[in-house]
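Take a look at the structure below.
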Amino acid sequence: SPAIEIKGLTKTYKASRKSPAKEALKGVDLVVPRGSIFGLLGPNGAGKSTLINILAGLVTKSSGSAKICGYDIAQQTRQARASIGVVPQEIAMDVFFTPYQALELQAGYYGVPKSERRSDEILHALGLFDKRDAYVRQLSGGMKRRLLIGKALVHNPPVLILDEPTAGVDIELRRQLWDYVVELHKRGTTIILTTHYLEEAETLCDRIAIIHQGEVVANDDKDTMLSRL
Ligand code: ADP
Ligand code: ADP
């Protein structure tokens, strides 16, 4: 089965006091093959976060279906969630914990048995081991971003989604984060990232889909896509 298989996915947010009703996804069909680094490109408001929040189990779909590694998100929720890690955009997190504690808590949340935890390995891999027992609030922005990636990896998911992984970071940190993504991909993880930087998709991704006003308007291998832009 592909890493992700989405058919006819729609999402309409109900009207609230803060915002009118909004059809954020209008029937998305999308297949992400295993082993790819897949870029989901589109302007603000296109529906990228909605799409990945549905995959992450944070937002409920209105209609259509989505499978993660063959597991239907609505019918095989537990298996679907175990198959995916999501790195959110925001970096406000766990300020009163240490990085080690933050990873252990996340592992507990996913039900990873103590004997299978690898918090120290992850801290090493992300260059955070020397901050293992510092408070998260003492970490730099870049370190917090790396810890967010680490938290998404505690259950060793075959699919990793990163939501705007380098939004608002400087070029040096951006390159560093790209290196981690490439490293994870080399280890066999399927990567999906949302971005509005064309350069990011161009550097990292082997396939790119463009989402616009809740619809996938293009989906191709990178070279074909770039030759059309
Ligand atoms: P992107 O991630 O591409 O910027 P989003 O998925 O965040 O796009 O948003 C898609 C559309 O849905 C936007 O018009 C946005 O304003 C709207 N939207 C997102 N979240 C909500 C919500 N909780 N309630 C109402 N509208 C929302
Ligand atoms: P190996 O050569 O056996 O892969 P490494 O020293 O490269 O050993 O990695 C040791 C462990 O650290 C691996 O088993 C892997 O689970 C973990 N690891 C390495 N890199 C990362 C990473 N970027 N993110 C999460 N875990 C990682």
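According to this note's numbering, the sequence shown holds residues 64 to 292 in order.
C-beta atoms are modelled at their ideal positions from N, C-alpha and C, and glycine is treated no differently.
How many Å lie between residue i and residue j at the Cα?
i, j, result
"Arg195", "Pro162", "5 Å"
"Lys77", "Ala84", "5 Å"
"Tyr173", "Arg180", "11 Å"
"Ser182", "Glu167", "7 Å"
"Gly127", "Arg209", "34 Å"
"Lys81", "Ala165", "33 Å"
"Asp233", "Gln152", "15 Å"
"Ser64", "Val122", "24 Å"
"Arg238", "Glu262", "12 Å"
"Ala197", "Ala188", "17 Å"
So, for residue i: in the same chain, excluding its five sequence neighbours on each side, which residues have a beta-carbon less than 6 Å away from its beta-carbon?
i, result
"Gln169", "Lys214 and Val217"
"Gly90", "Gly71 and Thr73"
"Ile100", "His248, Ile254, Leu267, Cys268 and Asp269"
"Leu240", "Pro228 and Thr229"
Output needed for residue i: all residues of its chain with C-beta closer than 8 Å, excluding positions within five of it in sequence on either side, in chain order.
i, result
"Gly251", "Gly98 and Pro221"
"Tyr260", "Thr229"
Measuring alpha carbon to alpha carbon, tell me which of the options ends up nearest residue i.
i, options, result
"Leu223", "Gly204, Leu256, Phe192 and Ala230", "Leu256"
"Glu265", "Thr253, Leu236 and Lys285", "Lys285"
"Leu225", "Tyr260, Glu246, Ser290 and Val149", "Val149"
"Phe192", "Ser178, Glu179 and Lys207", "Lys207"
"Ala87", "Asn116, Glu68 and Ser64", "Asn116"
Indicate whether residue i and residue j have their beta-carbon atoms separated by less than 7 Å.
i, j, result
"Val95", "Ala66", "yes"
"Gly102", "Ile274", "no"
"Gly158", "Arg200", "The residue you asked about is not Gly; residue 158 is Val in the sequence shown. In this structure, Arg200 lies closer than 7 Å to Val158 by Cβ."
"Ile147", "Ile131", "yes"
"Val279", "Leu118", "no"
"Ser112", "Thr75", "no"
Can you list, in chain order, the residues of its chain whose CB lies under 7 Å from that of residue i, leaving out five sequence neighbours each side?
i, result
"Met330", "Only positions 64 to 292 of the chain appear in the structure, and residue 330 is not among them; the question remains open."
What residue ranges within the stretch 106–152 form continuous beta strand (DSSP E) runs of no fewer than 3 residues, ordered along the chain?
-> 126–131 and 147–150
Quick one: which unbroken beta strand (DSSP E) runs of 3-plus residues sit fully inside the stretch 237–273? Chain order, please.
-> 253–258
Please specify which runs of the beta strand (DSSP E), each continuous and at least 3 residues long, are wholly inside the stretch 71–98, giving them in chain order.
-> If we require 3 residues or more, the beta strand (DSSP E) runs fully inside the stretch 71–98 come out as 85–95.
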